[in-house]
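Peer 1: After the structure tokens below, expect a handful of questions from me.
In my numbering, the protein residues as written are 40 to 184.
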């Protein structure tokens with residue numbers, strides 16, 4: 040049986056992934072919902088076998104909004120595949136795999152990776168305090184279960 044906290048956190052995870060869908064008039068609404076899902080001081084990190092890129096909330100969202108609305112990335116979506124929530128008091132995290140697909144500059148692509156999302160309980164509810172991700176690449180793959 041899921042706790043109310045787990046359900047609330049899973050809803051925030053859905054909001055996070057739903058934001059990364061290209062096109063349509065709903066992009067801005069989904070990205071605004073994503074912005075509200077973070078605490079203002081949250082840290083977001085991309086690794087992916089490169090020098091880690093560390094973003095604040097607006098630094099993270101702004102270029103993705105351009106990419107999702109510019110028309111160079113179409114039919115894009117990202118979704119959680121498998122993950123787990125752990126809660127202790129007023130802290131929690133989601134760790135899981137995700138997949139993505141789309142067409143960028145006319146070329147179809149797919150990908151998979153792992154994300155970790157940390158949460159804190161605030162007076163407004165559960166909010167993301169940090170997130171980080173790493174994608175599959177030669178030598179690093181997600182074992183299929």
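No residue lacks a Cβ here, since even glycine has one placed at the ideal position from N, Cα and C.
Small disclaimer: the values here were computed from a predicted structure and weren't measured.
What did DSSP end up calling residue 144 once you bin it into helix, strand or coil?
Peer 2: Here residue 144 refers to the residue found at position 105 when the chain shown is read from its first residue. In this structure, residue 144 counts as coil in the three-state DSSP scheme.
Peer 1: Report the CB separation of residue 167 from residue 78 in whole angstroms; it is logged as a contact under 8 Å.
Peer 2: Counting from 1 along the chain shown, the entry for residue 167 is found at position 128. Counting from 1 along the chain shown, the entry for residue 78 is found at position 39. With a Cβ gap of about 7 Å, residue 167 and residue 78 count as contacting.
Peer 1: Just to confirm, is the Cβ distance from residue 181 to residue 158 under 9 Å?
Peer 2: Numbered from its first residue, the chain shown carries residue 181 at position 142. Numbered from its first residue, the chain shown carries residue 158 at position 119. Contact: no.
Peer 1: Restricting to Cα atoms, I'd like to know which of 42, 110, 149, 164 is closest to residue 174.
Peer 2: Residue 174 sits at position 135 when you count from the first residue of the chain shown. When each option's Cα is compared against that of residue 174, the closest is 149.
Peer 1: Rounded to a whole number of angstroms, what is the C-alpha to C-alpha distance between residue 96 and residue 170?
Peer 2: For the purposes of this step, residue 96 is taken as the residue at position 57 of the chain shown. For the purposes of this step, residue 170 is taken as the residue at position 131 of the chain shown. In a straight line, the C-alpha of residue 96 is about 10 Å away from that of residue 170.
Peer 1: Looking at the secondary structure, which residues open and close the alpha helix (DSSP H) in which residue 81 lies?
Peer 2: What you label residue 81 is simply residue 42 of the chain shown in a count that begins at 1. From DSSP, residue 81 is part of no alpha helix (DSSP H) but of the beta strand (DSSP E) over 77-85.
Peer 1: At what residues does the beta strand (DSSP E) containing residue 119 begin and finish?
Peer 2: Sequence index remark: in the chain shown, residue 119 carries index 80 (1-based). Start and end: 112-127.
Peer 1: Would you kindly work out how many angstroms separate the C-alpha atoms of residue 155 and residue 126, rounded to a whole number?
Peer 2: In the chain shown, residue 155 corresponds to position 116, counting from 1. In the chain shown, residue 126 corresponds to position 87, counting from 1. Taking the straight line from one Cα to the other gives about 14 Å.
Peer 1: What is the rounded straight-line gap between the Cα of residue 90 and the Cα of residue 46?
Peer 2: Position 51 of the chain shown, counted from the start, is the residue given in the question as residue 90. Position 7 of the chain shown, counted from the start, is the residue given in the question as residue 46. C-alpha separation (whole angstroms): 34 Å.
Peer 1: Near residue 55, what residues of its chain come up, given a Cβ to Cβ distance below 8 Å and the 5 sequence neighbours on each side ignored?
Peer 2: For this step, residue 55 is matched to residue 16 along the chain shown. If we look at residue 55 and ignore the five residues flanking it on each side, its Cβ neighbours are 73, 76, 156, 167, 170.
Peer 1: Where does the unbroken alpha helix (DSSP H) through residue 57 begin, and where does it stop?
Peer 2: Sequence index remark: in the chain shown, residue 57 carries index 18 (1-based). Run containing residue 57: 43-57, per the alpha helix (DSSP H) assignment.
Peer 1: Who pairs with residue 136 in a beta bridge, going by DSSP?
Peer 2: As a first step, residue 136 is located in the chain shown; it is residue number 97 there, counting from the start. 121, 153, per the DSSP bridge assignment.
Peer 1: From the DSSP output, in three-state form, read off residue 181 for me.
Peer 2: For the purposes of this step, residue 181 is taken as the residue at position 142 of the chain shown. Three-state result, residue 181: coil.
Peer 1: Give me the residue from 52, 138, 145 with the minimum Cα distance to residue 116.
Peer 2: For this step, residue 116 is matched to residue 77 along the chain shown. Taking only the C-alpha atoms, the option nearest residue 116 is 138.
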